[in-house]
Amino acid sequence: MYCPYCHKPLTFVTNSRPTKGNTQIWRRRRCSNCGEIFTTHEIIDLSHLVVVKKSGEVERFSQAKLYSGIYGATIGSKMLNREYIVDKITREVNSEILFLKKKRISSQEISNLVLNKLKSESPVTFLRYLAYNKNPKSSKEIKKIISKYI
Ligand SMILES: [Zn+2]
Numbered sequence: 022m023y024c025p026y027c028h029k030p031l032t033f034v035t036n037s038r039p040t041k042g043n044t045q046i047w048r049r050r051r052c053s054n055c056g057e058i059f060t061t062h063e064i065i066d067l068s069h070l071v072v073v074k075k076s077g078e079v080e081r082f083s084q085a086k087l088y089s090g091i092y093g094a095t096i097g098s099k100m101l102n103r104e105y106i107v108d109k110i111t112r113e114v115n116s117e118i119l120f121l122k123k124k125r126i127s128s129q130e131i132s133n134l135v136l137n138k139l140k141s142e143s144p145v146t147f148l149r150y151l152a153y154n155k156n157p158k159s160s161k162e163i164k165k166i167i168s169k170y171i
């Protein structure tokens with residue numbers, strides 16, 4: 022890694038620890054050329070993961086997309102610390118996906134993981150996310166889906 026101060030590739034790690042619920046590793050590095058200290062964050066890359074959509078189409082997993090899907094469901098809700106909670110749920114779902122050790126995952130499995138988190142955070146957001154991602158056709162179907170989470 023290049024030092025951001027003197028641009029020499031002579032840095033070494035002086036300290037590291039897991040952060041953000043063990044999904045990131047924080048590292049303190051020191052440059053042996055100029056002596057400056059800086060921090061890096063190592064994040065597990067899930068871009069190898071293939072998401073199979075309801076339509077059968079496939080796409081690469083995107084944490085940004087996961088975040089914006091959850092964030093979209095919170096718009097209009099009275100949730101406090103919205104950004105913080107959406108970020109937390111995104112990270113938690115991310116690490117649960119990692120734990121599954123899959124190469125392919127369905128978008129439905131991902132939305133189930135999100136719904137499990139949302140049910141305890143915000144009922145309004147839970148219902149909005151459900152309506153958008155599960156696309157229920159009747160109130161009977163809504164009840165059936167909800168009953169799985171309560
Ligand atoms: Zn340096």
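Counting in my numbering, the sequence shown runs from 22 upward without gaps. A virtual CB, placed ideally from N, CA and C, is assigned to each residue, including glycine.
Nearest residue (CA-CA) to residue i, options the options
i	options	result
R48	T60, K29, C55	T60
I96	D66, Y150, N54	Y150
Y88	F33, I46, C55, V114	V114
K122	T35, D66, N36	D66
S127	H62, A85, T146, K155	K155
V72	K124, I91, I106, N36	K124
I58	K75, I64, S37	S37
K138	G77, I91, M22, L101	I91
T35	V79, Y23, Y26, S53	S53
K74	G93, S132, C27	S132
S83	R103, L70, I46, L101	L70
K86	N102, V107, K140, S76	V107
Bridge partner(s) assigned by DSSP for residue i
i	result
F59	R50
T40	Q45
E80	V72
S143	BP columns for S143 are empty, so no partner.
T32	C52
R125	V71
I64	Q45
For residue j and residue i, the rounded distance between their alpha carbons
i	j	result
P39	L148	33 Å
E162	Y153	14 Å
P30	E130	42 Å
Y170	L136	8 Å
G56	F33	10 Å
K165	S116	28 Å
S98	T146	7 Å
H28	I46	23 Å
S76	P157	15 Å
K140	E104	17 Å
C24	E63	16 Å
Cβ distance (whole Å) where residue i is taken to contact residue j below 8 Å
i	j	result
I118	E142	Wrong, their Cβ atoms sit about 18 Å apart, outside the cutoff.
S68	R81	5 Å
Residue i at chain D interface by Cβ criterion, 8 Å
i	result
G90	Judged by its chain identifiers, the structure shown contains no chain D, having just a single protein chain.
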